[in-house]
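So the number in this note's numbering is just where the residue sits in the sequence shown, counting from 1, plus 14.
Don't be surprised by glycine CBs; every beta carbon is placed ideally from N, CA and C.
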Amino acid sequence: MAVSSYIGRFAPSPTGPLHKGSLLAALASFLDARANDGQWLLRIEDLDPPREVPGAADRILRQLDQHGLHWDGPVLYQSSRLPAYQDALQQLSHRGLLYACDCNRTRLRTLGGCYDGSCRSNKINTAAANPSQSHAVRVQLPNPCSISLDDLIQGSLQFDLNKSGDFILWRRDQLPAYQLACSLDDAYQGISHVIRGSDLLDSTPRQMHLLQCLGIKIPQYAHIPVLSNAQGEKLSKQNHAPALNLHKAQANLLDCLELLGFSGPPELSKASIPQVLTWAIEHWQLNKIPPRDRVTESDKA
Numbered sequence: 015m016a017v018s019s020y021i022g023r024f025a026p027s028p029t030g031p032l033h034k035g036s037l038l039a040a041l042a043s044f045l046d047a048r049a050n051d052g053q054w055l056l057r058i059e060d061l062d063p064p065r066e067v068p069g070a071a072d073r074i075l076r077q078l079d080q081h082g083l084h085w086d087g088p089v090l091y092q093s094s095r096l097p098a099y100q101d102a103l104q105q106l107s108h109r110g111l112l113y114a115c116d117c118n119r120t121r122l123r124t125l126g127g128c129y130d131g132s133c134r135s136n137k138i139n140t141a142a143a144n145p146s147q148s149h150a151v152r153v154q155l156p157n158p159c160s161i162s163l164d165d166l167i168q169g170s171l172q173f174d175l176n177k178s179g180d181f182i183l184w185r186r187d188q189l190p191a192y193q194l195a196c197s198l199d200d201a202y203q204g205i206s207h208v209i210r211g212s213d214l215l216d217s218t219p220r221q222m223h224l225l226q227c228l229g230i231k232i233p234q235y236a237h238i239p240v241l242s243n244a245q246g247e248k249l250s251k252q253n254h255a256p257a258l259n260l261h262k263a264q265a266n267l268l269d270c271l272e273l274l275g276f277s278g279p280p281e282l283s284k285a286s287i288p289q290v291l292t293w294a295i296e297h298w299q300l301n302k303i304p305p306r307d308r309v310t311e312s313d314k315a
């Protein structure tokens with residue numbers, strides 16, 4: 015495969031340091047890119063100031079570097095892309111696809127996860143964010159709205175977006191929502207393959223629909239199992255997953271390889287980080303990753 019035809023990425027949020035679950039996703043996307051002679055880009059999704067931890071972005075860069083996961087080109091920070099997100103909203107609003115949503119959290123909780131479109135009459139003709147406004151902006155879905163996904167790990171999947179309803183593109187705190195920013199930045203960076211955790215599988219059909227609305231080519235997707243603790247909870251910063259121990263970077267990589275279904279020869283345990291990654295790239299096969307939504311430490315190869 016030509017170098018320019020494959021572009022992958024890793025896109026963490028600076029809400030804290032990377033943990034082993036984060037490394038699992040980073041390693042999978044890195045190896046798939048390198049095994050296909052492709053580029054691997056890094057994006058920092060810094061669009062949630064209340065949750066961001068000072069210094070976390072720089073720490074994430076150091077953690078990746080310490081594990082030998084070296085990215086190509088400059089790091090993209092989403093906070094530098096606000097005008098592009100507003101431009102996309104403008105395009106969608108001109109087509110009559112957006113409306114202002116005034117529903118508060120109390121009302122939304124009563125809906126059981128499926129938005130009922132009660133604010134659809136609040137059509138907006140301009141999508142430029144106005145700090146004086148306190149509403150969110152939703153995209154109106156057609157009916158039916160069925161999305162087919164040929165996931166490179168999980169297989170063929172079908173989604174009915176109307177089961178969850180119109181989704182938010184611009185938050186009431188005047189920041190772009192994840193679905194909008196992620197979709198646009200994947201397009202901006204020319205991402206051809208998105209390798210990420212299964213916890214984001216529900217976001218994928220929304221992002222595919224949004225890209226279709228904007229006439230943008232849709233990348234290929236592969237969703238790896240997320241790492242869970244013994245209680246079945248996804249390892250995350252929210253449930254205080256411990257930060258990666260940088261003194262055990264080589265062991266961290268070997269652990270993640272086993273969780274992904276790749277068990278190396280005994281001598282790999284004494285190999286250097288570059289040697290571990292070289293072995294992993296040479297033996298990488300995306301179809302060897304189990305098509306599950308979760309793995310635990312007991313599932314190592």
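> At what residues does the beta strand (DSSP E) containing L183 begin and finish?
Replying inline: F181 to W184
>> Given a cut-off of 8 Å on the beta-carbon distance, is the pair D165 and H237 in contact?
In response: yes
> Bridge partners of Q53, per DSSP?
Replying inline: I21
> To the nearest whole angstrom, what separates the beta carbons of A49 and W298, a pair I think is in contact under 8 Å?
Replying inline: 4 Å
>> In chain order, what are the residue ranges of uninterrupted beta strand (DSSP E) at least 3 long that sit wholly in the region 186-218?
In response: 207-211
> Where does D307 fall in DSSP's three states?
Replying inline: coil
>> Residues in the same chain with beta-carbon distance under 8 Å from L194, minus the five sequence neighbours each way, listed in chain order, please.
In response: Y99, A102, L103, L183, W184 and L224
>> Can you look up H33 in the DSSP assignment and give me helix, strand or coil?
In response: coil
> Are the region 286-294 and the region 208-225 touching, with three or more C-beta to C-beta distances below 8 Å?
Replying inline: no
>> Counting C-beta neighbours from all protein chains within 10 Å, is the total for E59 16 or more, i.e. buried, or is it exposed?
In response: buried
> Leaving out the 5 sequence neighbours to the left and right, which residues in its chain are closer than 7 Å to L137 when beta-carbon positions are compared?
Replying inline: First, the amino acid is wrong: residue 137 is Lys here, not Leu. Taken in chain order, the residues that qualify are G110 and Y113.
> Whose CA, out of P97, S107 and S27, lies closest to the CA of V89?
Replying inline: S27
>> Rounded to the nearest angstrom, what separates F173 and S107 at their Cα positions?
In response: 25 Å
>> Quick check on this structure: which residue in A191, Q226, W85 and G30 has the alpha carbon closest to the alpha carbon of S160?
In response: Q226
> Would DSSP call S250 helix, strand or coil?
Replying inline: coil
>> Ignoring anything shorter than 3 residues, give me the beta strand (DSSP E) runs that lie fully in the region 230-295, in order along the chain.
In response: 234-238
> For the alpha helix (DSSP H) that Q80 lies in, which residues bound it at each end?
Replying inline: A70 to Q80
> Less than 8 Å separating the beta-carbons of V208 and F181?
Replying inline: no
> Helix, strand or coil for Y129 per DSSP?
Replying inline: coil
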